[in-house]
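K.L.:
Have a look at the structure that comes next, please.
Residue numbers (our numbering): -6 to 423.
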C-alpha cells in the first residue's frame, strides 16, 4: 500500500494531501502484499508503502535538487503529521537491512515521506452467507493529536489507490477499493480522516471442491440402502451409520476455519440439511424394518363352550382321518422294520411326520396340520407377504422422493444465497 500526503505546515489553513496505493508483494521493492483475510480472527494483514507529502515553508532552500534525509533522528527533529491507523491491531516498520524509509525535501519546502509498514487490521466480517459471502473491510487513517482546525487530510489525485491486477489472493477476489474522507466527531472535537474500503468476494471454487461436492456424494451414498433388500439389516445399518459419521467429520472440518459464533451461516444450513437427509435415510430403514415385522393385534372373540367342543371334535376327526390315511405309511415303516411293535411304529410315524413338516414344501406342511392351525399359519404367511410388499413400496417411494427433495433444496439454497441474500456488513470499527 502506498500512501502519499501533501498539504501544509501546522496551522489553521494548512492541508495534508493523502495518496494511497495498494500493491502486491513481489521481487520489485515497490510492490507490497495485498490484504490477507483471516475469518477466524476477524482481521486482515497487509504490507504497505506509506507515503505522505506536505509543505513546510520553513524548510525552503536554494538547492536546485531535493535533499535526501535518511537519518531517523534527524527526521524526528522535523515537524510531520502524526498519522496512525485507527483500526489496526498491530503495526510494525521494516528495518532489514536498514530502516525502510526516506524523506525528500524540495526547494519550495515540500516534504515527501515514504516508509514500509506491516499491518494487521481489524475487520468485523458478516459471515451469514459464508462461504458465498462478500466482505467490506476498511483501513482508516487520521491524526492522533491534530484536530480538523489544525490538520485536514484528503486523498490526492483521481486514482489514489492503485492495485496490481496481475496478482490475486488465494481465497478472496478484490472487486474494487473505495476511498473517501470523513469528519469524525469526538468528545475532544472534530477530526479529519481518510478511509480506504476493500470490497472483496470470496472464492467459492475451493469450498465447492472441499465441502459441497463431498457432502453431496455422502448424501447420495446414503440412498443406496433403498436398493438393498428390506431384510439386509447389517448392510443397511452399516451404510447409514458410516455415512452419518463421515458427514459429521466433514462438518466439523468445515467449521474449524470459522470463529465460534452463534450466527447461522450458509455452510451450517448446508451441513445441517445434508445431515438431516442422511439421518432421514436411517429413519426410513427403521420404519421399513418395523413394517416388515409388525403384527396385527386383534382382540380374541369370546368363545362359548359349544364352540370349544365343536373345535375339539373337528380336531379329533382330522387326526383320526389322518391316521387312517397313513396306513400305507405305517405299512411302509413295518416292512422296513418288521421286528418293531405297533407302538414303536406309531412313534416313528409321528417323528417322520414332524420331520416332513420341517423339510417338506410349505403346502405339504400345511396339509398335515389341523384346519384351525393351518388357517392361523396361512394368515401369518399372508401377513408377512403383505408386510414385505408394504416395506418394498416404502423403499420404492424413497428412491424417488429423497433425490427430488435434495434437488429442490439445492435450487432454493443456491438461488437464495447467490441472488437474494444480502450481506449486512457491520460498520467499520475505526
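Every residue, glycine too, gets a C-beta built ideally from N, C-alpha and C.
1. Excluding the 5 residues flanking residue 404 on each side, which residues of the same chain have their C-beta closer than 8 Å to its C-beta?
2. Whose C-alpha, out of 136, 149, 227, 220, is nearest the C-alpha of residue 183?
3. Run through the stretch 18 to 106 for me and flag every whole beta strand (DSSP E) of 3 or more residues, listed as ranges in chain order.
4. Report yes if the CB atom of residue 156 is closer than 8 Å to the CB atom of residue 170, and no otherwise.
5. Assign residue 151 to one of two classes, buried (16 or more other C-beta atoms within 10 Å of its C-beta) or exposed (fewer than that).
6. Let's see if you can read the secondary structure: which residues bound the beta strand (DSSP E) around residue 190?
7. For residue 22, I'd like the list of residues in its chain whose CB is within less than 8 Å of its CB, leaving aside the five on either flank, ordered along the chain.
8. Would you kindly work out how many angstroms separate the C-alpha atoms of residue 356 and residue 383, rounded to a whole number?
9. Hey, residue 215 and residue 232 are a contact pair by Cβ (cut 8 Å); roughly how many whole angstroms apart?
10. Going by the DSSP bridge assignment, what does residue 114 pair with across the sheet?
11. Assuming residue 387 and residue 281 are in contact, meaning their beta carbons sit under 8 Å apart, how far apart are those beta carbons, in whole angstroms?
12. Can you grab the Cα-Cα spacing for the pair residue 89 / residue 53, in whole Å?
13. Can you look up residue 167 in the DSSP assignment and give me helix, strand or coil?
14. So, using beta-carbon positions, are residue 125 and residue 206 closer together than 8 Å?
15. Output the distance between the C-alpha atoms of residue 385 and residue 376, rounded to the nearest integer angstrom.
16. Please classify residue 178: does DSSP put it in a helix, a strand, or coil?
17. Between which residues of its own chain and residue 132 is the CB-CB distance below 6 Å, once the five residues before and five after are set aside?
18. Between residue 381 and the rest of its own chain, which residues show a CB-CB distance below 7 Å, the 5 nearest in sequence each way excluded?
19. Buried or exposed for residue 255, going by 16 or more other Cβ atoms inside 10 Å?
20. With DSSP as the reference, identify every bridge partner of residue 131, one or two as the case may be.
21. Here's the rule I'm using: 16 or more other beta-carbon atoms within 10 Å means buried, otherwise exposed. How should residue 200 be labelled?
22. Could you check if residue 74 belongs to the surroundings of the ligand GTP, using beta carbon to heavy atom distance under 7 Å?
23. Over what stretch of residues does the beta strand (DSSP E) that includes residue 148 continue unbroken?
24. For residue 119 and residue 230, what's the separation of their Cα atoms in angstroms?
25. When DSSP labels each residue in this structure, what does residue 244 get in the three-state scheme?
26. Buried or exposed for residue 79, going by 16 or more other Cβ atoms inside 10 Å?
27. The alpha helix (DSSP H) spanning residue 263 covers which residue range?
28. Going by alpha carbons, who is nearest to residue 71 out of 379, 49, 34, 181?
29. Would you report the Cα separation of residue 63 and residue 102, rounded to the nearest angstrom?
P.N.:
If we stick to the structure as given:
1. Walking along the chain shown from the start, residue 404 turns up at place 411. Once the five neighbours on either side are set aside, residue 404 has no close Cβ partner at all.
2. Stepping through the chain shown from its first residue, residue 183 is reached at position 190. Of the listed residues, the one whose Cα sits closest to residue 183 is 136.
3. Those beta strand (DSSP E) runs which fall completely within the stretch 18 to 106 and span 3+ residues are 29 to 31, 36 to 48, 60 to 62, 76 to 78, 81 to 86, 94 to 98.
4. The residue you call residue 156 lines up with position 163 of the chain shown. The residue you call residue 170 lines up with position 177 of the chain shown. Against a cut-off of 8 Å, the Cβ pair of residue 170 and residue 156 comes out as a contact.
5. What you label residue 151 is simply residue 158 of the chain shown in a count that begins at 1. Exposed: under 16 other Cβ atoms inside 10 Å.
6. As a position in the chain shown, residue 190 is number 197, starting the count at 1. Run containing residue 190: 182 to 195, per the beta strand (DSSP E) assignment.
7. For the purposes of this step, residue 22 is identified with residue 29 of the chain shown, where counting begins at 1. Confidence at residue 22 is low in this model, with a pLDDT of 30, below 50, so its placement is unreliable and the value that follows should be read with caution. Contacts found: none.
8. As a first step, residue 356 is located in the chain shown; it is residue number 363 there, counting from the start. As a first step, residue 383 is located in the chain shown; it is residue number 390 there, counting from the start. Low per-residue confidence applies at residue 356: pLDDT is 46, beneath 50, and the placement is therefore not dependable, though the value from the model is reported in the following sentence. Each residue's alpha carbon lies about 24 Å from the other.
9. Stepping through the chain shown from its first residue, residue 215 is reached at position 222. Stepping through the chain shown from its first residue, residue 232 is reached at position 239. Their Cβ separation, rounded to whole angstroms, is 7 Å, which keeps residue 215 and residue 232 in contact under 8 Å.
10. Your numbering for residue 114 matches position 121 in the chain shown. Note: residue 114 sits in a beta bridge opposite 37, 81.
11. Counting from one through the chain shown, the residue named residue 387 turns up at place 394. Counting from one through the chain shown, the residue named residue 281 turns up at place 288. Indeed, because the Cβ distance is near 5 Å, the residues count as touching under 8 Å.
12. As a first step, residue 89 must be located in the chain shown, where it is residue number 96. As a first step, residue 53 must be located in the chain shown, where it is residue number 60. The straight-line gap from Cα to Cα measures roughly 32 Å.
13. Counted from its first residue, the chain shown places residue 167 at position 174. Reduced to three states, the DSSP call for residue 167 is strand.
14. The residue you call residue 125 lines up with position 132 of the chain shown. The residue you call residue 206 lines up with position 213 of the chain shown. No, the Cβ-Cβ distance between residue 125 and residue 206 is not below 8 Å.
15. To locate residue 385, count along the chain shown from 1; it is residue 392. To locate residue 376, count along the chain shown from 1; it is residue 383. Near 14 Å, if we compare the C-alpha coordinates of residue 376 and residue 385.
16. Translated into positions along the chain shown, residue 178 becomes position 185. Of the three classes helix, strand and coil, the one that applies to residue 178 here is strand, per DSSP.
17. Working through the chain shown from its first residue, we reach residue 132 at position 139. Excluding residues within five positions, the ones whose Cβ falls inside 6 Å are 114, 189.
18. To locate residue 381, count along the chain shown from 1; it is residue 388. If we look at residue 381 and ignore the five residues flanking it on each side, its Cβ neighbours are 223, 285.
19. Within the chain shown, residue 255 is the residue found at index 262, counting from 1. Exposed is the call here.
20. For the purposes of this step, residue 131 is taken as the residue at position 138 of the chain shown. Bridge partners of residue 131: 190.
21. Here residue 200 refers to the residue found at position 207 when the chain shown is read from its first residue. So residue 200 ends up on the buried side.
22. As presented, the structure is devoid of all ligands, the ligand GTP included, so that no description of it is given.
23. Within the chain shown, numbered from 1, the residue matching residue 148 stands at position 155. Here the beta strand (DSSP E) through residue 148 covers 145 to 148.
24. Your numbering for residue 119 matches position 126 in the chain shown. Your numbering for residue 230 matches position 237 in the chain shown. Taking the straight line from one Cα to the other gives about 40 Å.
25. Working through the chain shown from its first residue, we reach residue 244 at position 251. In this structure, residue 244 counts as helix in the three-state DSSP scheme.
26. Translated into the one-based positions of the chain shown, residue 79 becomes position 86. Residue 79 comes out buried.
27. Reading the chain shown from its first residue, position 270 is the one you call residue 263. Segment 259 to 286, the alpha helix (DSSP H) holding residue 263.
28. Your numbering for residue 71 matches position 78 in the chain shown. Per the Cα distances, 49.
29. The count along the chain shown starts at 1 and reaches residue 63 at position 70. The count along the chain shown starts at 1 and reaches residue 102 at position 109. The alpha-carbon atoms of residue 63 and residue 102 are separated by roughly 17 Å.
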